[in-house]
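Asks: Going from the sequence shown to the numbering used here is simple: count from 1 and add 9.
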Amino acid sequence: MKTNTIKWASLFASALLLAVACKREAPKNEESFKAPLLAQSAFDYESGTTHVFFFDRQGNRITINNDVAALGRVLFYEKFMSVNNAVSCGSCHKQENAFADPNRFSAGFAAGLGTRNAPPIFNLAGSGNFFWDSRANDLREMVLMPIRHNVEMGMEKIEMLETKLNKVPYYAELFNKAFGSSQVTTKGISEALTQFILSIRSENTLFEKIGIDALNAQEKQGFEVFSGLHCQTCHGPATAPYYNSASFNIGLEKNYTDKGMGERVSFPEAEGLFKAPPLRNLAVTAPYMHDGRFATLEEVVDHYNSGVVDHANVSPQLRIVDPNSGGWGNNNTSSPKLNQFGMPTLELTPDEKADLVAFLKALKDNKLLTDSKYSDPFNY
Numbered sequence: 010m011k012t013n014t015i016k017w018a019s020l021f022a023s024a025l026l027l028a029v030a031c032k033r034e035a036p037k038n039e040e041s042f043k044a045p046l047l048a049q050s051a052f053d054y055e056s057g058t059t060h061v062f063f064f065d066r067q068g069n070r071i072t073i074n075n076d077v078a079a080l081g082r083v084l085f086y087e088k089f090m091s092v093n094n095a096v097s098c099g100s101c102h103k104q105e106n107a108f109a110d111p112n113r114f115s116a117g118f119a120a121g122l123g124t125r126n127a128p129p130i131f132n133l134a135g136s137g138n139f140f141w142d143s144r145a146n147d148l149r150e151m152v153l154m155p156i157r158h159n160v161e162m163g164m165e166k167i168e169m170l171e172t173k174l175n176k177v178p179y180y181a182e183l184f185n186k187a188f189g190s191s192q193v194t195t196k197g198i199s200e201a202l203t204q205f206i207l208s209i210r211s212e213n214t215l216f217e218k219i220g221i222d223a224l225n226a227q228e229k230q231g232f233e234v235f236s237g238l239h240c241q242t243c244h245g246p247a248t249a250p251y252y253n254s255a256s257f258n259i260g261l262e263k264n265y266t267d268k269g270m271g272e273r274v275s276f277p278e279a280e281g282l283f284k285a286p287p288l289r290n291l292a293v294t295a296p297y298m299h300d301g302r303f304a305t306l307e308e309v310v311d312h313y314n315s316g317v318v319d320h321a322n323v324s325p326q327l328r329i330v331d332p333n334s335g336g337w338g339n340n341n342t343s344s345p346k347l348n349q350f351g352m353p354t355l356e357l358t359p360d361e362k363a364d365l366v367a368f369l370k371a372l373k374d375n376k377l378l379t380d381s382k383y384s385d386p387f388n389y
C-alpha cells in the first residue's frame with residue numbers, strides 16, 4: 010500500500026513537472042493554441058485619444074474603437090504572426106522598455122539580426138513618417154512591413170497569414186466583435202494593429218502633470234541646460250511632447266555605413282538623415298541612435314558635447330553656437346572651442362552633463378510601462 014502511494018505520488022509529481030514545462034514552451038505549430046487572457050469587456054482605448062488627430066494617406070481621420078484596438082493588442086503579441094511562430098511585434102517592442110528593444114539589434118524569426126535598433130512606438134499619432142529612414146508615411150502600411158520582412162517576421166506572402174490565423178479558433182470571435190465578420194483579413198489585421206498602436210500614449214510624466222516643480226534640484230538644473238542649448242529645436246517643446254518626426258544628420262560619421270534616408274533616395278543631401286527619436290522614457294529605451302551605438306545617455310551627451318563629426322549634411326543647428334541665431338551652444342559664441350573634427354563643442358562641465366542626463370531620465374512615464382491595456386495577453 011505504501012509502495013503504491015509512493016508510486017502514484019511520483020507519477021503525479023512527474024506529470025505536474027511535465028505540465029509546467031509544457032506551459033512554458035511557446036507553441037510550435039498552429040495545432041497548439043494558448044488563447045489570450047482577455048476581460049469580458051474591452052479596455053478603454055478611446056479615452057485620452059479623442060484630442061489626438063491622425064489621418065491616413067487619403068486624408069481620412071482614424072478614430073479608435075475599443076474592440077478593434079483590443080484585437081490589435083492580441084495581434085501585436087501573437088507569435089503566429091511570424092512564419093514559424095517564433096516572434097511577435099512585442100518581441101522587439103517591449104512594454105517595459107517603452108515599446109523599444111533593449112538589445113542593440115533585434116533577433117528575427119530565424120534568429121537573424123536586423124541592422125537597426127527597434128525604436129519606441131508610442132505617441133505615433135500626428136507623426137508623418139515612420140522608421141528611422143522615414144520610408145513609410147501610412148501607418149496602415151507600416152504595420153505590415155515588419156510582418157513581411159524577410160529577417161523580422163518572414164511572412165513574405167501576406168495572404169498566407171490570413172489562412173493561418175483563420176485556423177486559430179479565438180480569432181473568429183475577436184474579428185466578429187471588431188468588424189462584424191469572423192473572417193480574418195489583411196485589411197482587418199492592418200486596421201487593428203494601427204488602432205492599438207495609435208492608442209499607445211505617453212502623457213503621464215510628473216514633469217508634464219505637475220510642471221517644473223516635479224523636478225528635483227539637479228533635474229531643474231538639467232532643464233535649464235536643455236533649454237539653454239535649444240535642444241527643443243530638433244526634439245520639440247515640452248508641449249509637443251518632446252517629439253519631432255523630422256529627420257536630421259547629427260554628425261555620427263564622416264562616411265556613413267548606414268546612410269539612413271540616403272539608402273532609399275538618390276540625392277546626396279539625404280545621407281545620414283535619421284528620424285529624431287522621442288525624448289520621453291529615455292531612461293528605459295537604451296541603447297541609443299539608429300544602430301544602438303551608445304549604451305548610455307552619458308555617451309549620447311558626450312557625442313553632442315564634443316563628438317559631432319563634420320559631415321556635409323550635418324544639421325545647421327549643430328554648426329551654430331549662438332542660441333540667439335537659432336542654434337545651440339554656450340556663452341563663448343565669438344570663438345567657440347572646436348573638437349577634433351573641426352566642429353564647435355558645447356563646453357559643458359561634468360556637472361552640467363550630469364544635470365542634463367538627470368533631466369532626460371526624469372521624462373519617464375511609469376504608467377505606460379505597466380498599463381494592463383498595453384500588456385501581453387498571452388503572458389499568464
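The beta-carbon is built from N, C-alpha and C at its ideal position, and this holds for glycine as well. Since we're looking at a predicted model, the values are computed, not measured.
Does L207 come out as helix, strand or coil in the three-state DSSP assignment?
Replies: Working through the sequence shown from its first residue, we reach residue 207 at position 198. Of the three classes helix, strand and coil, the one that applies to L207 here is helix, per DSSP.
Asks: For S384, collect the residues of the same chain with a Cβ closer than 7 Å to its Cβ; drop the 5 residues on either side in sequence, then sort them by chain order.
Replies: Within the sequence shown, numbered from 1, the residue matching residue 384 stands at position 375. Around S384: Q104.
Asks: In terms of alpha-carbon separation, which member of N93, Q326, R302, R289 lies closest to I156?
Replies: Counting from one through the sequence shown, the residue named residue 156 turns up at place 147. Among N93, Q326, R302, R289, the Cα nearest to that of I156 belongs to N93.
Asks: Below 8 Å on the Cβ atoms is my contact criterion, and I expect L377 with S211 to pass it. Report the Cβ-Cβ distance as a whole number of Å.
Replies: Taking the sequence shown and counting its residues from 1, one reaches residue 377 at position 368. Taking the sequence shown and counting its residues from 1, one reaches residue 211 at position 202. Going by Cβ atoms, the distance from L377 to S211 rounds to 5 Å, so yes, they are a contact pair.
Asks: Tell me S100's beta-bridge partners as DSSP assigns them.
Replies: The count along the sequence shown starts at 1 and reaches residue 100 at position 91. None, per the DSSP bridge assignment.
Asks: Do the region 46 to 56 and the region 69 to 84 make contact, defined as three or more Cβ pairs closer than 8 Å?
Replies: Yes, they touch.
Asks: Under 8 Å, do G117 and G163 count as touching if we go by C-beta distance?
Replies: Residue 117 sits at position 108 when you count from the first residue of the sequence shown. Residue 163 sits at position 154 when you count from the first residue of the sequence shown. For G117 and G163, yes; Cβs fall inside 8 Å.
Asks: Should N388 go down as buried or exposed, given a rule of 16 or more other Cβ atoms within 10 Å for buried?
Replies: Within the sequence shown, the letter at position 379 stands for residue 388. Exposed, since its Cβ has fewer than 16 Cβ neighbours within 10 Å.
Asks: Let me know if T358 comes out buried or exposed under the rule of 16 or more other beta-carbons within 10 Å of its beta-carbon.
Replies: Along the sequence shown, one-based indexing puts residue 358 at 349. With fewer than 16 Cβ atoms within 10 Å of its Cβ, T358 is classed as exposed.
Asks: What are the boundary residues of the alpha helix (DSSP H) that K382 is part of?
Replies: Numbered from 1 along the sequence shown, position 373 holds the residue referred to as residue 382. Neither: K382 is in no alpha helix (DSSP H) and is coded neither H nor E.
Asks: For the structure I just gave you, are there three or more beta carbon pairs, one from the region 106 to 116 and one from the region 285 to 302, closer than 8 Å?
Replies: Yes, since at least three Cβ pairs between the region 106 to 116 and the region 285 to 302 fall closer than 8 Å, the two stretches touch.
Asks: Under 8 Å Cβ to Cβ from A107, same chain only, skipping five residues before and after it: list those, please.
Replies: Here residue 107 refers to the residue found at position 98 of the sequence shown. Contacts found: P129, F131, S211, R289, N290, V293, T294, D374, L377, L378.
Asks: Less than 7 Å between the CB of A109 and some heavy atom of the ligand FMN, yes or no?
Replies: Because no ligand of any kind appears in the structure shown, any question about the ligand FMN cannot be addressed here.
Asks: Just the C-alpha distance for V193 and E165, rounded to the nearest angstrom, thanks.
Replies: Walking along the sequence shown from the start, residue 193 turns up at place 184. Walking along the sequence shown from the start, residue 165 turns up at place 156. Going from the Cα of V193 to the Cα of E165 covers about 17 Å.
Asks: Determine the extent of the alpha helix (DSSP H) in which Q230 is found, giving its start and end residues.
Replies: As a position in the sequence shown, residue 230 is number 221, starting the count at 1. Unbroken alpha helix (DSSP H) run through Q230: 226 to 237.
Asks: Compute the Euclidean distance between the alpha carbons of L365 and E228, then round it to the nearest angstrom.
Replies: Here residue 365 refers to the residue found at position 356 of the sequence shown. Here residue 228 refers to the residue found at position 219 of the sequence shown. Those two C-alpha atoms are separated by around 7 Å.
Asks: Of the residues S256, L153, S100, which one's Cα is nearest the Cα of A127?
Replies: On the sequence shown, residue 127 is found 118 positions in, with the first residue counted as 1. The option with the nearest alpha carbon to A127 is S100.
Asks: For the region 131 to 147 and the region 205 to 223, state whether three or more C-beta atom pairs, one from each stretch, are separated by less than 8 Å.
Replies: Contact holds: three or more Cβ-Cβ distances are below 8 Å.
Asks: What do you get for Q204, buried or exposed, if any count of 16 or more other CB atoms within 10 angstroms of its CB means buried?
Replies: Taking the first residue of the sequence shown as 1, we reach residue 204 at position 195. Classification for Q204: buried.
Asks: Measuring alpha carbon to alpha carbon, tell me which of E150, I73, E182, L153 ends up nearest P45.
Replies: In the sequence shown, residue 45 corresponds to position 36, counting from 1. P45 has its Cα closest to that of E182, out of E150, I73, E182, L153.
Asks: Check P359 in the structure and name its three-state DSSP category.
Replies: Numbered from 1 along the sequence shown, position 350 holds the residue referred to as residue 359. P359 falls in the helix class under three-state DSSP.
Asks: Could you check the C-alpha separation between V234 and P287 for me, to the nearest Å?
Replies: One-based indexing of the sequence shown puts residue 234 at position 225. One-based indexing of the sequence shown puts residue 287 at position 278. Roughly 18 Å separates the two Cα atoms.
Asks: Rounded to whole angstroms, how far is the Cβ of S324 from the Cβ of S143, which I believe are closer than 8 Å?
Replies: Reading the sequence shown from its first residue, position 315 is the one you call residue 324. Reading the sequence shown from its first residue, position 134 is the one you call residue 143. With 8 Å as the limit, S324 and S143 do not qualify as a contact, their Cβ atoms being about 15 Å apart.
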